[in-house]
Every structure is written in C-alpha cells, then in structure tokens.
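Presented below is the structure to which this report refers.
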Amino acid sequence: MLKADEPVTGDPVQVAEALPTEETETPIKGVGAEGWAEIIRLAVLASLPDESVDEKKWGRQTTVSQYQVKTRHGWFQVRPVNKLVNHGYWQRHTVKYLDPEETLKLEFLNVQDPPEGPLSFTMRTMLQARVTTQFAQWVYGVKGINGKVDANVALAIDSDCTLDMKSTHKPGDLLPSIQLVPDVTGLRVRVVDIDARQVGLARGDLAKEMGNGSQTIVNAIVNEYEGKILRNLRRKIEKNKDRLQISPSQLLTKKKPEPAKSSEAPSSVTK
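Numbered according to our numbering, the sequence shown spans residues 1495 to 1765.
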C-alpha cells in the first residue's frame, strides 16, 4: 500500500489480468438467442479485471536546492545540496466493478430488419462500478489539502452486432435446424451516469467537481478493454457455434408439460 507521502516506484499503471484459461472457461449452456446473450455476458465478465488503478499522477516530485552550513577550523563552510521533495497535485484513481455477476444487465437497441441482408442491432451491457479518487496537494515537501472522493458510475458496453440465419440439416432430424450466424462489428465502453459523494472533504462543491471530473478518467481506463472484449466475443462465437442453433424438430417432439395436480383432497358431496 502506497502512503500519501511516499513516491511511486515501478510501473504507474496496475491492471489485473482476468482472461480465463481454456481449462477453466465457463461453458455456454443456453441455445439459440439465449446462447448468444450468454456469450456476450461471459465475454464481458472474462475481459474485465476486478480492479483497475491509474496512478500516473501519483508521486510527483521536484528537486530543490538547500544549503548545508558547517564549521571547520573556525571557518564557516556553505555547500549547496540538491534534494528530491514531493511537489504538485497528486491523483490516484481506482475503479472497482460492483458484483458484475449480479449487476450486469443486457438489452437490445436499434434493431433493424432489412428486407435483404442480416438483422442488425446494438446489444447494450450495463455494469455498475465505483471509482475512488485520492488526491493530495504538495508544495515543496509540505502537504496541503488532501482527501478522497467516491463516485458510483454506470458503464455501458455497446456491441454493434449483425445476425444472419441459415438452415442446416442434421442426420436423424425431421426438419432442418436454423443456425444463427452472429458477428460483432464494433464495440464501445463508456460512462453513462456518475454520482459523486465526498469522503474526507470539507467542501461538498469540491467533491462534486472532482467526482464529475472522474468521468473522463474512468472513460480512459475502461476504453482500454474495448479490444479485449471484442476479441473475446469473437473467440467465444467461433467456439460455440453449435449452441447457436434452433431446432424446430426438437420443438415439435417436445412433450407438453402435464398440468399440476392439486394437493387438496376432493371435497365430499353430501346427499
């Protein structure tokens, strides 16, 4: 843990790696449209780390000249000495995703079904996160105003998708199956809402200003995962083609559920 009066050493940006290995990858259980939604959900969860830290502006220092006075043989000696001291405005931002397994939501937007060509739509994935901004103002080694601001943010991951269909026939099936052929043509990650509250600040207006300013920082952090999510989506689509099928023959041969029997005893009839 880095203290406020200590400089940063090493890599200023720490990002946890969260891509699963082939052995531990969660299998797709749904089929058809449910399978497609599950692919998007699992790809997003697998691509995001538990926590992202941006501390490029944490630990700034500058060199100051001091004078060391000594006496030798009754004479004063003055020698300049250079020293590194903390200086400038420090900021560190931590983004933590809030229980993505529970808070992740999916919705379809901008659905277009042209007479010819594949169906196109935007799949929006909503996530909740918390960004913590720590700050400290240093003036040549003297720490001034400092504190922390927490902000709850809503993240939207918009995947531009196309969905085509083709018929396939498997041996033994009465009717051909419908194969869904999805593709992801683009992806964007951005902050759509932010709610700041102060922690350790005397001025609420300063907390609000810093919280709103965190939106730019969070956008910069989460935008780094766009390429990873897109690659993970396409990899899962290719790997789970068999799950993206709708079989009419299975629907026709599926037994109807029997009506539930009443647990109450039949009432007696008195003549």
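Just so it is clear, CB atoms sit at the ideal spot from N, CA and C, and this is done for glycine as well. Note that this is a predicted model, so its numbers are computed, not measured.
What is the DSSP secondary structure of residue i, reduced to helix, strand or coil?
| i | result |
| --- | --- |
| Arg1728 | helix |
| Arg1554 | coil |
| Ala1674 | The displayed chain sequence assigns Leu, not Ala, to residue 1674. DSSP places Leu1674 in strand when its eight states are reduced to three. |
| Leu1669 | coil |
| Leu1613 | strand |
| Asn1734 | coil |
| Leu1539 | helix |
Looking at the secondary structure, which residues open and close the beta strand (DSSP E) in which residue i lies?
| i | result |
| --- | --- |
| Glu1601 | Lys1599 to Gln1606 |
| Lys1637 | Val1636 to Thr1662 |
| Asp1474 | Residue 1474 lies beyond the residue range present for the chain, which begins at 1495 and ends at 1765; the question has no answer from this structure. |
| Tyr1719 | Per DSSP, Tyr1719 belongs to no beta strand (DSSP E) and is neither H nor E. |
| Gly1582 | Gly1582 to Tyr1591 |
For residue i, count neighbouring C-beta atoms within 10 Å of its own C-beta (all shown protein chains included) and say buried if the count is 16 or more, exposed if not.
| i | result |
| --- | --- |
| Asp1593 | exposed |
| Lys1603 | The displayed chain sequence assigns Leu, not Lys, to residue 1603. The residue in question, Leu1603, is exposed, as its Cβ has fewer than 16 Cβ neighbours within 10 Å. |
| Ala1623 | buried |
| Ser1546 | buried |
| Tyr1719 | buried |
| Ala1714 | exposed |
| Ser1653 | buried |
| Thr1710 | exposed |
| Trp1569 | exposed |
| His1587 | buried |
| Val1633 | exposed |
| Gln1560 | exposed |
Give me, in chain order, the residues of the same chain whose beta-carbon lies closer than 8 Å to that of residue i; leave out the 5 immediate sequence neighbours on both sides.
| i | result |
| --- | --- |
| Cys1655 | Ser1614, Phe1615, Thr1616, Met1617, Pro1676, Asp1677, Val1678 and Thr1679 |
Sorted by chain position, which residues of the same chain lie with C-beta nearer than 6 Å to residue i's C-beta, five sequence neighbours on each side aside?
| i | result |
| --- | --- |
| Lys1564 | Gln1571 |
| Lys1606 | As written in the sequence, residue 1606 is Gln, which differs from the Lys given in the question. Answer for Gln1606: Ser1614, listed in chain order. |
| Lys1730 | Ile1533 and Ala1537 |
| Leu1727 | Ala1537 and Val1678 |
Going along the chain, which residues of its own chain have a beta-carbon closer than 7 Å to the beta-carbon of residue i, five neighbours each way excluded?
| i | result |
| --- | --- |
| Tyr1591 | Leu1542, Asp1544, Leu1621 and Ala1623 |
| Gln1555 | Pro1501, Leu1578, Val1579, Asn1580 and His1581 |
| Ala1630 | Ala1498, Trp1584, Lys1637 and Asn1640 |
| Pro1670 | Ser1661, Thr1662 and His1663 |
With 8 Å set as the bound, which would you pick, yes or no: does the beta-carbon of residue i sit closer than that to a beta-carbon of chain B?
| i | result |
| --- | --- |
| Asp1677 | Any reference to chain B falls outside this structure, which holds one protein chain only. |
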